[in-house]
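Numbering (this note's numbering), first residue to last: 787 to 1058.
Ideal Cβ placement from N, Cα and C applies to all residues, glycine included.
What follows is a short report on a single structure.
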Amino acid sequence: NRTASDFITSVARGSDNLLIGRVFGPGAVGLYSRASDLLMRPLEQFLSPINAVFLPALSRLQSHPERYRSTFLRVYEAIALIGFLFTGLFLALARPLTLVMLGQKWEQAAIIVGGFTIAAFCVPLANSSTWLFTSQGRGRDLLVAQSINACVTFSSFIIGLPFGPVGVAIAFSVASLLVRLPILYFAVGRRGPVRTTDLWMRFVRHLPLWIVVFVVTWLTRTLVGSLAPLLQLIICGPVGLIAAAAVIYNSTPQRKVALHLLEILRELKKKP
């Protein structure tokens, strides 16, 4: 069931390039795929070692519901904190980030990068939620949820397609936040120690961090918008991180999450 779920998800997720290529041609596909890779490929590299460490750990804790719940929520919140922080930065800095990472000829991809940023924090949260299905042996539930979400993903591409690659990226982000994530949270929280309300409470808790980081970084960028893209990143990035540090420092729950994050990084470092 896990293999089938992954296959269905991959097919749906890969249909965007096919649709864009058929309607708008290879140039549009190039812009779209480079923008997608700029955000999604680092996400895959970030999630892979976490999956390898914590999925087996959760499976071993099945007979200890409270430890299972607390272990999962610690990791989930750490992922949420990182996701909200960096997507707030990336949305505000989409243009200079694109120009620095991809070069001047890919400037038109910047707005697509911005369109993908909401999906960029939904993807890791959705991925970590699927650990609950797998570690609890709920393969059928996972297959049903992912099949529904695959239909939602494909539908979002169709809806966004008339508006070009940017429309596809934005439609996917909106669908990820308003449809795909709620479906997954509802399905996974119906059984087991971790409930749907647990997931949404942790999601909402970190939303102010995203807002502060985005607003502060965006306002700073408007002040230095005439500078070279690299200088904009050098100035605005640290300002956004300082704003994030201030939010985390003044929030006891987020301070605890930050400390847990350091523990998680140490555990990942120990893994050969």
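Buried or exposed (CB count within 10 angstroms, at least 16 for buried), residue i
i	result
Y854	buried
V990	exposed
R966	buried
E1049	exposed
P1015	buried
P812	exposed
D792	exposed
I898	buried
S942	buried
L883	buried
S834	exposed
A755	With the chain covering only 787 through 1058, there is no way to say anything about residue 755.
R924	buried
P1075	Residue coverage of the chain in this structure runs from 787 to 1058, which leaves residue 1075 outside it and unanswerable.
A1032	exposed
S959	buried
F972	exposed
F872	buried
Span of the alpha helix (DSSP H), counted from its first residue to its last, around residue i
i	result
H992	982-1009
A1014	Neither: A1014 is in no alpha helix (DSSP H) and is coded neither H nor E.
W917	896-921
N803	788-810
Close-in-space but distant-in-sequence residues of the same chain around residue i (CB under 7 Å, 5 per side omitted)
i	result
V1001	none
T795	Q932, A936
A912	R966, L967, L970
K891	none
Neighbourhood of residue i by C-beta distance below 8 Å, restricted to the same chain and skipping five residues each side
i	result
V797	A936
F870	F907, H992, L993, L995, W996, V999
L1017	V1010
R926	N787
Q922	Q848, R977, G978
L805	F943, I944, L947, V954
L888	R820, L824, A895
A790	L929
D984	R855, L859, G975
A880	A896, I897, V899, G900, T903
Inter-residue CB distance, residue i and residue j (contact presumed, cutoff 8 Å)
i	j	result
Y818	R988	That belief does not hold up - the Cβ atoms of Y818 and R988 are roughly 32 Å apart, past 8 Å.
A864	L1047	4 Å
V954	L964	Their Cβ separation, rounded to whole angstroms, is 16 Å, which puts V954 and L964 out of contact at 8 Å.
I1034	A1044	5 Å
R827	T939	That pair is no contact at about 18 Å.
I956	G874	I956 to G874, Cβ: 17 Å. No contact.
V980	L918	6 Å
G910	L829	In the sequence on display, residue 910 carries Pro and not Gly. 6 Å between Cβ atoms; contact.
A895	A821	4 Å
T1008	V1025	That belief does not hold up - the Cβ atoms of T1008 and V1025 are roughly 12 Å apart, past 8 Å.
L844	F858	6 Å
T903	F876	5 Å
Beta-carbon proximity list for residue i, same chain, < 6 Å, skipping 5 on both sides
i	result
S915	L970, V974
L867	H992, V1043
S962	A905, C908
A814	I806, P951
Notebook entry, point to check: Which residue spans inside the segment 945-980 form an unbroken alpha helix (DSSP H) run of at least 4?
Noted result: Counting only runs of 4 or more, we get 950-961, 967-974.
Check: Unbroken beta strand (DSSP E) runs of length 3 or more, entirely within the segment 821-883: which are they?
Finding: List check, beta strand (DSSP E) in window: nothing returned.
Notebook entry, point to check: In chain order, which continuous runs of the alpha helix (DSSP H) of length 4 or greater are located wholly inside the segment 1015-1055?
Noted result: With a minimum length of 4 residues, the continuous alpha helix (DSSP H) runs that stay inside the segment 1015-1055 are 1015-1035.
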